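Mapping to our numbering: the sequence shown position 11 is 697, numbers consecutive. Data block below; observations after.
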Amino acid sequence: MNDKTPLRELKGVGEKTEKLFQKIGITTTEELLRYYPRTYDVYEEPVEIASAEEEKTVSIRGTITGSLYSNQVRNLQILTTTVADQSGRLPVAWFNAPYLKGTLKKGSVFIFRGKIIRKKGRLQMEHPEIFTPAAYEEVVHSMQPVYALTKGLTNKAITKLVRQVLDTRPLKTEYLPDEIRERYQLADDNFAIRTIHFPGNMQELLTARKRLVFDEFLLFVLAVQLLKEKTEEAPNTFSMKPVWTTEEIIEGLPYELTNAQKNVWHEIERDLSGHKLMSRLVQGDVGSGKTVIAFLSMVLSAENGFQSALMVPTEVLANQHYEGFLKLMEEQNITSCRPVLLTGSATAKQKREIYQKIASGEVNVIIGTHALIQEKVEYKNLSLVITDEQHRFGVRQREALTTRGNPPHVLVMSATPIPRTLAIILYGDLDISIIDELPAKRLPVKNCVVGTSYRPKAYSFIEKQVQTGRQAYVICPMVEESEGLDAENVTDYAKKLQEVLPDEIRVEILHGKMKPKEKDEVMLKFKAGELDVLVSTTVIEVGVDVPNATVMVIENAERFGLSALHQLRGRVGRGAADSCCILISDNENDAVKERLRFLCHTSDGFAVAKYDLENRGPGDFFGSAQHGLPTLRVADLVQDTRTLKVAQEEAKALLAVDPNLAMPQHRALSDEVDRLFATAGAMN
């Protein structure tokens, strides 16, 4: 068995089980071993009944003192009895477990392990596991893995398969150089993988985790640095000379660029005229003025006789940028640029004509969606590609453009303010520029946190705003009603709003399950002022500019990360009128209240991101948003910062001695880096 062995080849995995594992992204034994437990169940010493705490899972050594009663409630068969020890008695219940009838004899002594809950004013234990005292001795103090599941897949099934793989796979050869392992006293890789799934105790778990965290950071930093080397090695075949036109545009703008914008523009200008290819990330809060920087870069490229492309995730955004660029050309009398808009909804005939103009160089500013990197697009001399963070350029896409001539400069625009340490990891192959000032003309958005009882006031406020010609957003966490989840959903909420608001107010919905074309149509109608209230999920958070929208109501605000809430509220306050964001939450948890209050008191996205990272963990920044970069599975960017620093130093030292990890002693390490990127690239 090797790491690439498909799960299907394991004992006990049929087609059905294989499909369930695919749902959680597992197709090979390697992926299964990297599917770490989300927490552990610790089998502790039994406690006395009198000291068992409500809402806790505990073990109790008790004697069955009552008879066994069987009760049928709808399709549920409930078995109940009473157990006792010297300190007291406790009712116990099991569901759909008729097989226990033969086991639970009056007078028998067992260890019962389950959750203590309060029902009708008294404590009881629900559906406990049952052990003989001898059997419990074997598991006491051990830590059992608890995995994230999907419907149909049990914790037992995953545990069993992980054991099977660990018991049958050959031991892997160690890939970390001995001196690094000794310096930081790191466990062996085989020990770490086995122990993270089945730790004997807390100390073992910490030892295994320490090794895996170090590995993740080291491999990550190495991979990113090697990628950076590749990018940096590329000579600048599109060297540009600074031109007066861009200075004149800056002078002629109806507003003054902030100092942060000026600094970033000078960094870009310096890159474009330097010896090496530019690979730069421009990070700026919502509304900090990144677009004008992108436009200046495109003008510079055109003035130097080259083509540039701006790629964004949606057609609405592409249209918005295209119109914005035309407006700039007209106002500033720019003659060197010949722009074109290329999106998926153009007809075949229109596309053919646009392709021809791009190939001949007749157009030199190309603005569009993913259609820009389709096979049929051939560029004449593409010098610069600007992408939105949603299209974080995967290495492959960069190569796709490179094959059509020399590699272009790359500029990535990000509206997600990420703490700098994290940005260095996520975008380590890019140089980082930060726009941390908002233009003076932006009015601050007023914020408040209220309970659901405030809704009627919020609705009448929306009504007043619409009557003065303004528009409003309402954000819900879900698309439609979901079983067991008590949260507002877009579909029902829109119906409710239509009933509450006067008939002439036009309400529509927007959510991620709609086809891209439908989403674009709704957004265009809202932008054009043909709708008054848009009830939406978070899909609206991507850069669309509706200056006329002045109200945002966010339902179940506690369900969103602070960074997401900050992005959402950035959709209002884009015009000259006062705007406000109303966060609705009935959650009484102090930590939740504290988070929402924090958001209301700051408008600085970087402060929000830092607070979010420290209080929520880095989950928000990882997962599906990664493009071509592997995710961190064990490491935590808040608690493991010291390890990150050490790993960065070690990676630097390794590459200083062996820039491509080509020496025989680093071959295994190099293979590990490749493996990491192969799995990440597959997600691309």
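By construction, the Cβ of each residue, glycine as well, lies at the ideal position given by its N, Cα and C atoms. The structure presented is a predicted model; accordingly, all values stated were derived computationally and were not measured.
Asked                                                                                                                                                                  : Found
Can you look up F992 in the DSSP assignment and give me helix, strand or coil?                                                                                         : coil
Can you tell me whether N782 is buried or exposed, with buried defined as 16 or more other CB within 10 angstroms of its CB?                                           : exposed
To the nearest angstrom, how far is it from the Cα of Q1351 to the Cα of E860?                                                                                         : 11 Å
Just mark H1252 as buried or exposed, buried being the case when its beta carbon has 16 or more other beta carbons within 10 Å.                                        : buried
Spatial neighbours of G698 within its chain, please: C-beta separation below 6 Å, excluding the five flanking residues on both sides.                                  : none
Quick one: complete beta strand (DSSP E) runs, 3+ long, within the segment 828-915?                                                                                    : 829-832
If you draw a straight line from the alpha carbon of N1005 to that of I1052, how long is it in whole angstroms?                                                        : 12 Å
Starting from K705, trace the alpha helix (DSSP H) both ways and give me its first and last residue.                                                                   : 701-709
Output the distance between the C-alpha atoms of N990 and E1009, rounded to the nearest integer angstrom.                                                              : 23 Å
When the cut-off is 9 Å and only beta carbons count, does K1338 lie next to chain D?                                                                                   : The chain labelled as chain D is not found in the depicted structure, where only one protein chain is given.
Is V985 closer than 9 Å to K976 when the C-beta atoms are compared?                                                                                                    : no
Would you kindly report the start and end of the unbroken beta strand (DSSP E) that includes D771?                                                                     : 762-771
Excluding five sequence neighbours on each side, which residues of the same chain lie with their C-beta closer than 6 Å to the C-beta of R1024?                        : V1049, N1050
Cα-Cα, which of N1067, H961, N945 is closest to S987?                                                                                                                  : N1067
By Cβ distance, which residues of its chain are closer than 7 Å to T932, with the 5 residues on each side in sequence left out?                                        : L982, V985, L986
What is the DSSP secondary structure of Q1312, reduced to helix, strand or coil?                                                                                       : With a pLDDT of only 35 at Q1312, under the threshold of 50, the placement of this residue in the model should not be trusted; the figure read from the coordinates follows. In this structure, Q1312 counts as coil in the three-state DSSP scheme.
Can you list, in chain order, the residues of its chain whose CB lies under 7 Å from that of D874, leaving out five sequence neighbours each side?                     : E860
Roughly how many whole angstroms lie between the Cα atoms of L1340 and L1347?                                                                                          : 8 Å
So, for G1305: in the same chain, excluding its five sequence neighbours on each side, which residues have a beta-carbon less than 6 Å away from its beta-carbon?      : Here G1305 scores only 41 on pLDDT, less than 50, and its place in the model is too uncertain to base an answer on.
Can you tell me where the alpha helix (DSSP H) with P1202 in it begins and where it stops?                                                                             : 1202-1213
Quick check: what's the CA-CA separation for D1276 versus I1118?                                                                                                       : 36 Å
Starting from C1266, follow the beta strand (DSSP E) in both directions and report where the run begins and ends.                                                      : 1266-1270
According to DSSP, simplified to helix, strand and coil, what is L1220?                                                                                                : strand
Within a Cβ cutoff of 8 Å, which residues of the same chain sit near D1320, ignoring the five residues on either side of it in sequence?                               : Looking at the sequence shown, residue 1320 is not Asp but Val. Answer for V1320: Y722, I882, R895, L898, V899, E902, listed in chain order.
Hey, quick one: how far does the beta strand (DSSP E) through K805 stretch, first residue to last?                                                                     : 795-805
Helix, strand or coil for F1292 per DSSP?                                                                                                                              : helix
Could you give the residue range of the alpha helix (DSSP H) that holds F1284?                                                                                         : 1276-1287
Throw me the rounded Cβ distance for the V1063 and P1094 pair, which I believe falls under 8 Å.                                                                        : Actually they are not in contact, since the Cβ atoms of V1063 and P1094 sit about 13 Å apart, beyond 8 Å.
Enumerate in chain order the residues of its own chain whose CB-to-CB distance from Q830 is below 6 Å, with the five nearest sequence positions on each side excluded. : D727
Starting from the Cα of V972, find the closest Cα among P1125, S1356, L963, V1237 and give me that residue.                                                            : P1125
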